Structures are given as structure tokens and as C-alpha cells.
Amino acid sequence: MTDQEGLYILMLSIHGRIRGEPELGVDGDTGGQVGYVLDLIRALDTDPAVAQVDLLTRRIMDVHVDAAYAREEEPLGKRSRIVRLPFGPRRYLRKELLWAHLDCLVDRCLQFIRAQGRIPDIIHSHYADAGYVGVRLARLLGVPLVHTGHSLGRSKRERLLAAGHKETTIDREFHFPQRIAAEEEVLNEAALVIASTQQEVEEQYGRYAGHQRVRYAVIPPGVHLSRFAPGRRRGATALLAQLRRFLQHPTRPPILAIARPDEKKNFGRLLQAYGESPALQARANLILIMGQREDLKDLEHPARQVIDGVLQDIDRYDLYGKVAIPKQHEAEEIPEYYRFAAAHKGVFINPALTEPFGLTLLEAAASGLPVVATANGGPQEILRHCHNGLLVDPLDIAAIGHALSQVLEDGTAWRRWARNGLNGVRRVYSWEAHAGRYLLELKKLLRRQRKSQRRQRVALHETNNILPLAGQVIMTDIDNTLVGDTAGTQALLAWLDAHPQVAFGVATGRNLKQTLSILKEYDIPRPDILITDVGTRIVYGAKLRDDLGWAGHLRHRWWRDGVLDVLRDCPGLRLQEASTQSEFKVSYYADPRRLPSLPDLRRRLRGNHIAANLVFSHERFLDVLPARASKGHAIRFLAFRWGLPLGAFLAAGDSGNDIEMLGGEMLGVVVGNHSTELAHLQGSHHVYFAQAEYAFGILEGIEHYGFAKEK
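If you count by the working numbering, then the sequence shown holds residues 31 to 741, one letter each, in order.
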């Protein structure tokens, strides 16, 4: 597409409940990130440089959530919409349980993009789970990836450990190893990372390997100045009437906290600071807006635990009549809480263990309400711009109480902080300014990329006529899968002869010469597609025509000589013979007793600015490939170019170098003689473990899926 047609931006925000009118705070996954993404999209929607913004998220069909989340599409503006794609179970899942289903989402996204007839100019992922998906889409499509972390796993993990939690417990509950690995992969792939503050760049991303290589843009989020504004008077309001249900003296200055019931929001220490200070109790009420709930017992366990703790603290310190904790609120009531607190000379507090940015602090500032905020994270930068309150150590209960007292007791300072906040937020923070800076960064980025028109031509049109028209495709590994049992091989070939509408391909770790040799040895006709060298080469049919688009695709940030240098003296590795090597593959014999872990090898390579995919197979071979290369990526690349759904591919294998072509939306078959490297795939979506071995196992899988049968 030409520049005049405008940018097509594909946003990915996967977890939580996302709709045009968000239920912010309804659970731990539906918070500030959801609001941020929607506000950004609406700001972009008004810019003439943008042709379309699609927000891809999860389709949820669950009687326990609003029916809106089952709608396939929802318009946000004239040029923007929410698109919901199904993956994993139909029911709602918290974000930590989505990891096992993300490969299916990659395939769903590819099908969606192919149906649009236009490749996005930019893919923008939000949070680590969407980053995992975005990395794979960017590699397959050759599209620049932009990423916003929102919250980072290393920072959260360190804060939870500092708060006394057990390492094994939090790693199991929050999937930190998987999340942090995904974040490191995102940093290795992303063309641009957007941060809200410089502190986020230096102190939070600075904890990750290879963070120096990343190109960052610090663009603070905005706040809707028309929605958040100071109140004009202290008279009777509907909100005051609601608070009378809780508070003995409802017109006392309020200490206001607004956050979802999440342990990292640190409500427990806030209650302790208030409960242990008779002076604070005599001077101010505590108002806690902790999301929404119908019945406490219906909340997810982590949220219920937090609210149970608050209720127990209210009872322990006998705070009845001093603390308000409403069960529900309308979205339009949130600005009223800020205005009410400002009108009664109160204070807003965000005591979170760590806060990536702190949008509620901007809302308070725009309402003329001074703040006390955690010193960990984005609030440092907000207060540096706005000078509208105090920072505090969230683990220091006495310091929290002292800071609250200081704001409430010093009227001169209160007025100065309120005035500073109003001026600072208008000067620095608005969504219009954010969108303008964002688009400027995208334009810089796209100047360094191939023209989108060329990218689209390569991806959509160049190879459509290479193969005969086929409705379905069987892709199989060769060694110990296609071959190994002559009778099984001949039975599979007979099945293929009887189903000419099914294209046949092999995907192997062997090079092309070796592949042709073994096919000849076993009297196997030349396949329609040959994916060789562990997915680094695609060749077509009788004329052995190379897919030059795939080769060009793999050159992205590939440095073969650098791989050889970095791994030259690595224990447990020995280069294989020259005949096994290729432009896009460095192959080693590996001794697993001496070999460093694969994550450690990845860190070594990333530390030298090398993007690579490591494939360990048969417990003795290690292949180092370009980041975009694998058997699975090659198949997905072909599916996208031919316009075939991933469900039209049946892929069979037996070892570790087959993992990426097993699962997702492809129909995976693991033959009965498989290696232990595939055992962990038992029970995975679309992965069938055959009892029969070798090619008979493939035939068993064909029967299991009803593959190529008329429906």
C-alpha cells in the first residue's frame, strides 16, 4: 500500500475483558492496560495518517461474562475496531492460563490477516503474552514489531520476593520463567519498544539481556482532560449519599485509593498504616475503590484474598465508620470520586509495590487532587513533571502514614500540589500529544523498512502458481517418520495416490542433496514441497525451484560468522561436517552432559546482537538457525502465501526439531516411535500421539482427524 492510503496498524492485547465500554476493575486482568489500548486507538482513529486500526483480542463465550465478549467484531471509531478471535477453551481464563494456547492464536491471526488482503504496516503488541504472538507474526510476515510492556515480569517477581513470597510459589502461579523468556524474545525482535517513562527504560528493561540493543521511545500516556477536572463546590452529591452508608463523618477529607484487588497494589500495608495511626483516623476517611463485584465468593481466588484481607484489617483495627469499600461503581463515577476527594481537601494514594506508569496519578492531578505514590516505577517521572505530591517506599508502613499526614495537614503545600498537578498534566500529558508522537516514531521506523507494497507482493502473490491447486497438505519429517518401515511408507504413498487433491511435502533436518538421496533410496516420488535444513530452505516440485522470498525473509538480523565466533569455545559443542552446514544453518554435535542450557546459549547470542533459533534434537544434535527459521515457520509462511488455513495442513514428526510444526491450528501427528523430546506435547491442542510407528503412525493420524474426507 502507498503512504497516501494511510497506515494499517494491527494491535494485539490478548488478556482481560476488552470491549468499547470497558469494565475496568472487574477482575485483575481488566485494568489500566485495557484503558490505555482503547484510548490510544481512539486517538489514532482521528488522525488522517491512519487508514485502519484493528485490535485483536480473545473471543470469550462464557455465561459468566457479558455477551459482548462473544461478538466477533465491535467498532470503536470510523477506522478502528475490536476483532475477537477464538483460541483455547470457550470460557474466560486469567492471563496466566493463556500461555498454552498462544500458538493457536498465532495461526488464527495469520488467517485473519490473509483474509484482509492487506498486510499491516505495523504490529503493536501489548504485554508479554501478546508479545509472544507478535514476535511470531512479525517473523512470518516481515512486518516491524512495536511493543509496549505495561508490566514486566522481572520487576514484578523481584517485588514479590522482597515482600516475602516463596520463589517456587510465585513462579508456578504467575508463570514467570515463561513470561520473562517471552519478554527477552520480544526485546530481541522488536523494532521499537514504547515506554511510559525513562525510569521504565533504565531500571525495568535494564534488567533484561540485550536491552542495550533495543530502540526505545518514551511516550507518556494521556489523560482525558474533558473527563477529569476539578469539582467546583463541596455541596451535597449523589456520591456523598452513597458514602453515608459507610462513613460516620462522610465530609472529612478522604484518602482515596483506586485499583483492582491485586496483591501487588499493596492495600494491606495501606490499611495497616491507616489502622495504626489514630491521628489519621481522626482526620480523614479511607475510601477504597477496588473494582466491581456481585458476590465476594464468586471472585477469583487472588482477588478474593485481597478483599478478605482488607475486611479483616477493618475488623482488626475497628475501622467501622471510617472506611468505605463500595461493591460497584459506574465508569462515570470514577471522575466524581476524584472531584469529591479534591473538593474535601483529601489525598489520592497509589501504594503499589511497583507501578509501571500510574495513570490514576494523572487522573488525580487533572482533578486537582494531590497524591502520595509508590517510589517504584513510573510515578517518579510523573511527579518530576507535575510536582503534585510525595513519593514513598511501599514497604515502609510508617512512611506511608507520615506522607499521608503531611499532605492532609499542610494546607499551603496542599494548594501548591493541587495547582502544580493541574498545570503539569495539561502541559505534558494528553492523548492527542501521545498519538502524534507515536505516529512520528512509526514513520521513522517505516523509512528503514522495505516498502509495504513490495512486502505485500512477495507475501501474497509471487508463488501462487508454483504448485497445483491443493485443498490440503501433508507435511512429514523423513527420518524415523516417513521412512523406517518400508511397508508403512508404501501404504502412505498409496494413500496419497488415491487422494490427488492433497499436496505432499517433506520437512527435514537434512540438506537438499541428502534429502533427494534418501527419497531415491526408498523409491519415494519427489514431493510437491521440500522444506530442508531444519526449515531454512523451501524448494518446489520437479524443477526444484527455490523460494527466494523465504531466503530473503531469513536474512533478517542473521549473522552466521557471529554464531561461529560466539559458540567456538562453548563446552559440549563440536561442529558437524561441512556437508551438513548451509547459509542459514550452523550444525553441532552436542554433549548434553556438558552443554549449557538452551536459555543460556540464547543469552550468549543475544548479548552479541545475534537473533537465532536453537533446535536440539535426538539428544545429540544442535542446529542454530535464523530467528525466523523453523519447520513450523516455513509451513506457516507457505500457508499464508497460498491462502490455505492452517487446519488444512497435517504435520507429522518424531523428534525435537519437529516441535514447531506440531500444534497450533495445524493437525499434528506424533508417531509411535517418537523421542522423549516430544513427550511434553501429550494433551496439547491438535497434537495426536499415534500408537503405530513410522508411516503407519501418519496413516493412523489421518484416520484420527478424518483428514481429506468429504464433510
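Beta carbons: idealized from backbone N, C-alpha and C, even for Gly.
Just so it is clear, the structure is predicted and the values come from calculations on it, not from any experiment.
Following the DSSP letters along the chain, one finds F142 inside the alpha helix (DSSP H) bounded by residues 132-146. Bounds of any alpha helix (DSSP H) do not take in D653; it lies within the beta strand (DSSP E) bounded by 651-656. Going by DSSP, L74 is part of the alpha helix (DSSP H) stretching over 62-75. Boundaries of the alpha helix (DSSP H) harbouring G592: 590-596, taken from the DSSP string. Between P250 and S226 a beta carbon distance of about 5 Å is seen, short of the 8 Å cut, so the two are scored as contacting.
Apart from sequence neighbours up to five positions away, the residues of its chain that approach F534 with a beta-carbon distance below 7 Å are I504, L526, P557, D558, ordered along the chain.
By the Cβ criterion, the segment 652-668 is in contact with the segment 557-574, since at least three pairs of Cβ atoms, one from each stretch, lie closer than 8 Å. If the five residues before and after D577 are omitted, its C-beta is found closer than 6 Å to the C-beta atoms of I568, all from its own chain and listed in chain order.
In the structure shown, G261 falls within a coil segment according to DSSP collapsed to helix, strand and coil. C-alpha of L512 to C-alpha of Y724: approximately 6 Å in a straight line. In the same chain as L644, and ignoring 5 residues on each side of it, the C-beta atoms closer than 7 Å to its own belong to L628, L631, R632, L652, V654, in chain order. Its chain contains A620, L628, L652, G686 as the residues whose beta carbon lies nearer than 7 Å to that of F646, once the 5 sequence neighbours on both sides are disregarded; these appear in chain order.
Cβ neighbours of R237 within its own chain (closer than 6 Å, five residues either side excluded): R184.
Proximity of the segment 416-433 to the segment 364-373 falls short of the contact definition, fewer than three beta-carbon pairs being nearer than 8 Å. For H432, the uninterrupted alpha helix (DSSP H) segment begins and ends at 427-439. With 16 or more neighbouring CB atoms inside 10 Å of its own CB, E385 falls in the buried class. Between the alpha carbons of Y122 and L329 lies a distance of about 13 Å. Minimum Cα-Cα distance from R623 among the listed residues R650, L635, L605 corresponds to R650. Under the 8 Å Cβ criterion, the segment 716-735 counts as touching the segment 670-685, having at least three qualifying pairs. Counting along the chain, no alpha helix (DSSP H) covers L421; the unbroken beta strand (DSSP E) around it starts and ends at 419-422.
Within the model, the alpha-carbon separation for F737 versus G58 is close to 41 Å. By the Cβ-count criterion, T545 is buried, with 16 or more other Cβ atoms from all chains shown falling within 10 Å of its own Cβ. Taking the Cα of L171 as reference, the smallest distance to any Cα among S181, I152, Y157, K186 is reached at I152. A Cβ-Cβ separation of about 6 Å places R109 in contact with V80 under the 8 Å criterion. In terms of CA proximity to E393, P365 leads the group A642, A97, P365, Y246. Between the segment 331-348 and the segment 396-403 there are fewer than three inter-stretch CB-CB distances shorter than 8 Å, so the stretches are not counted as touching.
Nearest to P260 by C-alpha distance, out of A448, S609, P530, is A448. DSSP places R604 inside the beta strand (DSSP E), whose first and last residues are 603-605. Taking the Cα positions, R274 is about 36 Å away from S181. When DSSP states are grouped into helix, strand and coil, R636 belongs to the helix group. Judged by DSSP secondary structure, E197 falls within the alpha helix (DSSP H) whose first and last residues are 197-204. Assigned with DSSP and collapsed to three states, A394 falls in helix. The Cβ atoms of W461 and K375 do not sit closer than 8 Å to each other.
Excluding the 5 residues flanking it on each side, I344 has same chain C-beta neighbours closer than 6 Å at V353, in chain order. Residue pairing by DSSP places V80 opposite L37 in a beta bridge. Boundaries of the beta strand (DSSP E) harbouring P105: 103-107, taken from the DSSP string.
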